[in-house]
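In UniProt numbering, the protein residues as written are 1 to 248.
Just so it is clear, CB atoms sit at the ideal spot from N, CA and C, and this is done for glycine as well.
All figures in this text were calculated on a predicted structure; none of them were measured in a lab.
Report on the following structure.
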Amino acid sequence: MAQQGISIAICSNAMGKSRAGHSIAMKLEAAKRHGFDGIELVIECLESHSESEKFASHKSRADRLRAAALDIRKSASALSLDIVTLNPFGAFDGLAKEEDIEVRLQEAELWLQIYQVLQAPILQQQVRDILGHIDLPNVRHYIDTFHIAAKEAGDPFNLSSPVKADSIARLRNSMAEFSRTVKVSNIRYFQLSDATAADKEQRGYPIRDLKQPPFITQSRNCRIFPCEHRVLPVLEVAKTVFEMGYRG
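So, in structure tokens, the structure goes:
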């Protein structure tokens with residue numbers, strides 16, 4: 001399936017939610033069967049796996065997560081699948097209370113331990129500003145077509161017109177600037193994703209917090225595969241990245 005040296009991975013929760021009964025073992029088998037080279041492991045899939053009877057002897061949550069991570073890594077390795085990364089660490093920006101910051105820092109330390117267990121090569125981080133100040137081989141850009149297209153052109157709660165009027169020109173200008181200012185060698189990971197409009201009247205959202213930024217509601221509940229419905233101009237983003245010479 002992979003061409004021109006590009007390794008193709010799929011996000012684990014794109015193959016079904018754990019709470020709906022889709023185990024990580026089923027997802028790994030599906031990824032292998034459909035020709036993917038690896039997966040991005042989402043924390044909810046790891047959490048769900050750690051709650052199985054297999055890890056009941058481990059008393060603490062941290063021990064269960066580490067044991068579950070090792071089990072997933074072994075299962076993936078047996079299928080010749082790579083675990084390319086764990087999904088981004090969140091719920092940290094904007095914290096003001098010291099006790100809240102300390103709790104998240106402890107969780108971040110656990111995530112780093114899980115990365116080591118998974119032997120995942122990519123640690124996701126907001127690096128655009130950082131890359132302007134440092135030059136380290138293991139700090140690179142993570143590009144997501146959804147986030148770029150949604151922020152530049154999307155109207156997340158507009159069911160009839162989910163792309164803002166006259167936004168394509170703005171998106172193209174943004175991508176032109178991106179191609180001028182970013183070295184293609186600094187793009188380490190490229191995620192292809194689209195999303196439908198978020199219907200704020202729908203009652204079935206598992207995460208329905210309309211106080212959060214609209215595009216986050218869209219991101220967490222409405223993601224689809226690229227070209228599945230062609231809602232957002234994600235192909236504009238992809239075209240720019242590949243024309244820059246990105247080959248994985």
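Query raised in the report: Cα-Cα, which of Leu65, Asp63 and Ser48 is closest to Gly21?
Result: Locating residue 21 in the sequence shown gives position 21, counting from the first residue. Nearest Cα to Gly21 within the set Leu65, Asp63 and Ser48: Ser48.
**Report entry** Those residues which DSSP pairs with Arg230 across a bridge
**Finding:** Here residue 230 refers to the residue found at position 230 when the sequence shown is read from its first residue. For Arg230, which the question treats as bridged, DSSP gives no partner whatsoever.
Query raised in the report: Taking the Cβ atom as the reference point for each residue, do Ser193 and Phe146 lie within a distance shorter than 7 Å?
Result: Counted from its first residue, the sequence shown places residue 193 at position 193. Counted from its first residue, the sequence shown places residue 146 at position 146. Yes, Cβ-Cβ distance for Ser193 and Phe146 is below 7 Å.
Query raised in the report: Looking at the structure shown, is Val241 part of a helix, part of a strand, or coil, going by DSSP?
Result: Here residue 241 refers to the residue found at position 241 when the sequence shown is read from its first residue. Residue state, collapsed to three classes: helix.
Query raised in the report: Roughly how far, in whole angstroms, is the beta-carbon of Glu171 from the beta-carbon of Glu98, given that I think they are within contact range, below 8 Å?
Result: Along the sequence shown, read from residue 1 onward, the residue named residue 171 stands at position 171. Along the sequence shown, read from residue 1 onward, the residue named residue 98 stands at position 98. Note on identity: in this sequence residue 171 is Leu, with Glu being the wrong assignment. About 40 Å; that fails the 8 Å criterion.
Report task. Might you give, ordered along the chain, the residues of its own chain that have their beta carbon closer than 8 Å to the beta carbon of Ile114, omitting 5 neighbours on each side? Result -> As a position in the sequence shown, residue 114 is number 114, starting the count at 1. Cβ neighbours of Ile114 beyond the five flanking positions: Leu46, Leu65, Arg66, Ala69 and Leu86.
Query - Arg73, buried or exposed, once every other Cβ within 10 Å from all chains shown has been counted against 16 - result: As a first step, residue 73 is located in the sequence shown; it is residue number 73 there, counting from the start. Label assigned to Arg73: buried.
**Report entry** Distance CB(Pro226)-CB(Ala198) smaller than 7 Å
**Finding:** As a first step, residue 226 is located in the sequence shown; it is residue number 226 there, counting from the start. As a first step, residue 198 is located in the sequence shown; it is residue number 198 there, counting from the start. Not a contact, by the Cβ cut-off of 7 Å.
Query - Three-state secondary structure (DSSP) of Gln116 - result: Counting from one through the sequence shown, the residue named residue 116 turns up at place 116. Here Gln116 carries a helix assignment [DSSP, helix/strand/coil].
Query - Own chain residues within Cβ distance below 7 Å of Ile10, not counting five before or after - result: In the sequence shown, counting from the first residue as 1, residue 10 sits at position 10. Apart from the 5 residues on each side of it in sequence, Ile10 sits with its Cβ closer than 7 Å to the Cβ of Ala31, Phe36 and Ile39 in its chain, given in chain order.
Report task. State buried or exposed for Gln106, treating a residue as buried only when at least 16 other CB atoms are found within 10 Å of its CB. Result -> One-based indexing of the sequence shown puts residue 106 at position 106. Burial call: exposed.
Query - Segments of 3+ residues assigned as beta strand (DSSP E) that fall wholly inside the stretch 165-197 - result: Every unbroken stretch of the beta strand (DSSP E) spanning 3 or more residues and falling wholly within the stretch 165-197 is given here in chain order: 187-191.
Requested in this report: Kindly indicate if chain C contains any beta-carbon less than 7 Å away from that of Ile134.
Outcome: This model lacks chain C altogether; it includes just one protein chain.
Query raised in the report: For Ala195 versus Arg220, is the C-beta spacing smaller than 7 Å?
Result: Against the sequence shown, residue 195 aligns to sequence position 195. Against the sequence shown, residue 220 aligns to sequence position 220. Cβ distance not < 7 Å, so Ala195 and Arg220 don't count as in contact.
Query raised in the report: For the candidate residues Ala62, Glu109, Gln119 and Ala76, whose alpha-carbon lies nearest to that of Met26?
Result: Here the question's residue 26 lines up with position 26 in the sequence shown. The alpha carbon of Met26 has as its nearest neighbour, out of Ala62, Glu109, Gln119 and Ala76, the alpha carbon of Ala76.
Query raised in the report: Opposite Arg82 in the DSSP bridges: which residues?
Result: As a position in the sequence shown, residue 82 is number 82, starting the count at 1. Going by the sequence as given, residue 82 is Asp instead of Arg. Residue pairing from DSSP places Asp82 in a beta bridge opposite Gly38.
Query - Whole-angstrom distance between Gln191 and Gln3, CA atom to CA atom - result: Numbered from its first residue, the sequence shown carries residue 3 at position 3. Numbered from its first residue, the sequence shown carries residue 191 at position 191. Summary for Gln3: the model assigns pLDDT 46, below 50, so the residue's position carries little reliability, and this model does not support an answer.
Query - Buried or exposed by the 16-neighbour rule on C-beta atoms within 10 Å, applied to Pro137 - result: Indexing the sequence shown from 1 puts residue 137 at position 137. The residue in question, Pro137, is exposed, as its Cβ has fewer than 16 Cβ neighbours within 10 Å.
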